[in-house]
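What follows is a set of notes on a single structure, which appears directly below.
Numbering (my numbering), first residue to last: 81 to 454.
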């Protein structure tokens, strides 16, 4: 009898292990967000708070060329150039981030040496624009998830090579509101995709990698606390839907293609409203997921330039839109000024921030690679 009992137990164990193996194989094509949460709980910082990359290959490279920024770890002294960075502020267009760079320079009282002006550090890449004002980087990320994703990979690596400690990333932009007046500032509490899933899905080597699109809750509270009672507009917190497309993906009726009715569109927008979605844009999902995956505090602050429940096209005069687009910049500026005031502005005096080329030969190589890289 004991022999039979042992045999039955052995069979049970074998069956259990077989079921586990089959389950693992069935789920092998995906990596879920709960697993990623476990990974994220691991340290993403060195003891001094500097950024640690989740890629062991970078340390083995002779030089890491940041193609789309026209920078290289071997060609430039990235520590001297960017080691004092604390804030990385991203916006859609080169013109907007240039304007923000001059604005924040005035706001924090940063002085340039006589006879100099702000320079687009990434001008040789012809893809993104980047300006440095003391501890602030102002960088254009282009339009959509692929563009902001490429930039984030290289900016996060830049933080690593420069030895930046505890950086804070902001996306400052525009969006379409849902039941919000034009000009309302929205601080995103969470980013979701077009199916309302709060994670960023990316095919990697034929498998879907899912990363949670989380933003820093403490940072959100701090930003909301900086709204001014005298502001002639509202600043609110809510969920943001990030789409892969400006037209069909956002339920617009005015694209080149439209296979749904106005009633279909309104039902969908009302569904979003019931799901606590208050604005729509095209970058927050990847921005939130990649910064969270890197262990970097981040926030998304956008202004609503249209109420999508009232239409698809923007008829607001340009001068009004220009003023609206300044509103999220002002909120981020308040945060930066408050931080620097609390730190005694010591960050402004530690580094020169000049363009330091430590290898002319490699610098030329980086220029050539950036200009030719597709």
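For every residue, glycine included, the Cβ atom is placed at its ideal position computed from N, Cα and C.
6 angstroms CB neighbourhood of residue i in its chain, flanking five on each side removed
| i | result |
| --- | --- |
| residue 153 | 143, 144, 241 |
| residue 315 | 265, 307 |
| residue 377 | 248, 296, 299 |
| residue 250 | 169, 379, 412 |
| residue 228 | 221, 363, 366, 367 |
| residue 113 | Residue confidence is low: residue 113 scores 42 on pLDDT, short of 50, so the model does not pin down where it sits. Its coordinate-derived value is still stated next. So the qualifying residues of the chain are 279, 290, 292. |
| residue 450 | 147, 150, 204, 205 |
| residue 270 | 278, 319 |
Sub-8 angstroms separation of residue i and residue j beta-carbons
| i | j | result |
| --- | --- | --- |
| residue 360 | residue 266 | no |
| residue 355 | residue 380 | no |
| residue 384 | residue 293 | no |
| residue 133 | residue 238 | no |
| residue 467 | residue 168 | Outside the shown range of the chain, which is 81 to 454, sits residue 467, and nothing can be said about it. |
| residue 389 | residue 277 | no |
| residue 244 | residue 131 | yes |
| residue 188 | residue 370 | no |
| residue 324 | residue 352 | no |
| residue 261 | residue 146 | no |
| residue 195 | residue 387 | no |
Euclidean distance between Cα positions of residue i and residue j
| i | j | result |
| --- | --- | --- |
| residue 391 | residue 349 | 11 angstroms |
| residue 404 | residue 263 | 5 angstroms |
| residue 375 | residue 128 | 14 angstroms |
| residue 455 | residue 273 | An answer regarding residue 455 cannot be provided, because it is not within the stretch 81 to 454 covered by the chain. |
| residue 253 | residue 408 | 7 angstroms |
| residue 282 | residue 230 | 13 angstroms |
| residue 175 | residue 402 | 12 angstroms |
| residue 335 | residue 393 | 11 angstroms |
| residue 201 | residue 162 | 11 angstroms |
| residue 197 | residue 406 | 22 angstroms |
| residue 305 | residue 414 | 10 angstroms |
| residue 333 | residue 136 | 47 angstroms |
| residue 303 | residue 157 | 33 angstroms |
| residue 232 | residue 124 | 16 angstroms |
| residue 180 | residue 309 | 23 angstroms |
| residue 190 | residue 326 | 37 angstroms |
| residue 126 | residue 424 | 25 angstroms |
| residue 120 | residue 140 | Its pLDDT being 45, under 50, residue 120 is placed unreliably in this model, and the coordinates cannot settle the point. |
| residue 192 | residue 395 | 39 angstroms |
| residue 186 | residue 211 | 14 angstroms |
| residue 72 | residue 399 | Within the shown structure, residues of the chain are numbered from 81 to 454, placing residue 72 beyond reach of any answer. |
| residue 341 | residue 275 | 19 angstroms |
| residue 373 | residue 343 | 39 angstroms |
| residue 397 | residue 301 | 32 angstroms |
| residue 410 | residue 422 | 18 angstroms |
| residue 311 | residue 418 | 18 angstroms |
Span of the beta strand (DSSP E) around residue i
| i | result |
| --- | --- |
| residue 136 | Taken as a continuous stretch (DSSP letters only), residue 136 belongs to no beta strand (DSSP E), as it is neither H nor E. |
| residue 159 | Note, residue 159: premise wrong, no beta strand (DSSP E); alpha helix (DSSP H) at 158 to 162. |
| residue 282 | 279 to 284 |
| residue 290 | 287 to 292 |
| residue 364 | Unbroken run through residue 364 is the alpha helix (DSSP H), 364 to 373; no beta strand (DSSP E). |
| residue 387 | 377 to 387 |
| residue 212 | 210 to 213 |
| residue 259 | Element bounds for residue 259: n/a, residue is neither H nor E. |
| residue 271 | 265 to 272 |
Where the alpha helix (DSSP H) containing residue i begins and where it ends
| i | result |
| --- | --- |
| residue 182 | 174 to 188 |
| residue 399 | 398 to 422 |
| residue 226 | 225 to 242 |
| residue 303 | 297 to 305 |
| residue 325 | Segment: none, residue 325 is in no alpha helix (DSSP H) and carries neither H nor E. |
| residue 351 | 342 to 354 |
Cut-off 7 angstroms between Cβ atoms - residues of its own chain near residue i, not counting five sequence neighbours on either side
| i | result |
| --- | --- |
| residue 223 | 172, 362 |
| residue 216 | 167, 169, 184, 416 |
| residue 159 | 242, 243 |
| residue 442 | 143, 152, 154, 155 |
| residue 182 | 198 |
| residue 313 | 263, 264, 265, 407 |
| residue 207 | 148 |
| residue 284 | none |
Supposed close pair residue i, residue j - CB separation, criterion 8 angstroms
| i | j | result |
| --- | --- | --- |
| residue 184 | residue 213 | 5 angstroms |
| residue 218 | residue 177 | 4 angstroms |
| residue 446 | residue 151 | 7 angstroms |
| residue 209 | residue 439 | At roughly 24 angstroms, the Cβ-Cβ gap does not stay under 8 angstroms, so residue 209 and residue 439 are not in contact. |
| residue 345 | residue 331 | 5 angstroms |
| residue 328 | residue 338 | 7 angstroms |
8 angstroms Cβ shell around residue i - same chain, five flanking residues per side excluded
| i | result |
| --- | --- |
| residue 138 | 144, 237, 240 |
| residue 255 | 266, 320, 359, 360, 361, 382, 383, 384, 385 |
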